[in-house]
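Residue numbers (the numbering used here): 218 to 442.
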């Protein structure tokens, strides 16, 4: 009772259950749920990696104001092993826990293999990707080695059709994307112009191109230089 009036308070257990549902629905693995901005190493890193770190944090801070606008997305592109996935996973974890957003994590290669192999659930999973508050596509167009050992972006007409279906829906309905990719926007334009221009328009205010000496940028080969 407050001043003679009956007051109802929302039970914390309701919020806890909601958070657990959001975490489960995100499909972010237990290992990836440990990735935070706090455990991302910036000491001794190249300036462009620090810029990516600051960009991801700035996006989180501005998210409430930009989430329903056209330029509501973020892309970290370029050098593998530079921390793109860590930063966008940390961002995803923060959006889930602190903003109570429904984030869906979609690893590009494994995700499309799963969609192709589970055709009965295809439309349900596509709807899930189209309608989530935030969609995180990790390693978009991930390059793989062909029979000659040359690395080429992985895609097919079927993949492009499904990808366009999802991204165009999110573009039209102002639903945010988080994109990591080794490819740059120019590379994506060569694959599918309509898709690439939508990604660029959505991400243009929060886009970082990570390029430079791989021995300085790729944390997996630290110590070799």
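Using N, Cα and C, we set each Cβ at its ideal position, and we do this for glycine too.
Every value quoted in this text rests on a predicted model; they were computed, and no experiment measured them.
Consult DSSP for residue i and reduce its assignment to one of helix, strand or coil.
i           : result
residue 288 : coil
residue 337 : helix
residue 322 : strand
residue 245 : coil
If you drop the 5 nearest sequence neighbours on each side, which residues of the same chain put their C-beta closer than 6 Å to that of residue i?
i           : result
residue 314 : none
residue 357 : 325, 396 and 398
residue 307 : 252, 253 and 254
residue 273 : 304 and 308
residue 299 : 266, 427 and 434
residue 245 : 322
For residue i and residue j, which I take to be in contact (beta-carbon distance under 8 Å), what is that distance rounded to the nearest angstrom?
i           : j           : result
residue 290 : residue 419 : 4 Å
residue 312 : residue 320 : 5 Å
residue 422 : residue 288 : 5 Å
Please indicate yes or no: does the CB of residue i lie closer than 6 Å to some heavy atom of the ligand GTP?
i           : result
residue 384 : In the structure shown, the ligand GTP is absent, as is every other ligand, since no ligand is present at all.
By Cβ distance, which residues of its chain are closer than 8 Å to residue i, with the 5 residues on each side in sequence left out?
i           : result
residue 296 : 399, 427, 428, 429, 431, 434 and 435
residue 360 : 368, 369, 370, 371, 399 and 400
residue 404 : 358 and 370
If you count every other CB in all the chains shown that lies within 10 Å of the CB of residue i, and 16 or more means buried, which is it?
i           : result
residue 407 : exposed
residue 336 : exposed
residue 286 : exposed
residue 390 : exposed
residue 310 : buried
residue 261 : exposed
residue 317 : exposed
residue 362 : exposed
If I measure Cβ to Cβ from residue i and keep anything under 7 Å in the same chain, skipping five residues before and after, which residues do I get?
i           : result
residue 393 : 284, 289, 290 and 351
residue 270 : 257, 259 and 304
* Asked: At which residue ranges does the region 260 to 310 contain complete alpha helix (DSSP H) runs of 4 or more residues, listed in the order of the chain?
  -> 264 to 283
Quick one: complete beta strand (DSSP E) runs, 3+ long, within the region 351 to 423? 351 to 355, 360 to 362, 368 to 370 and 394 to 398
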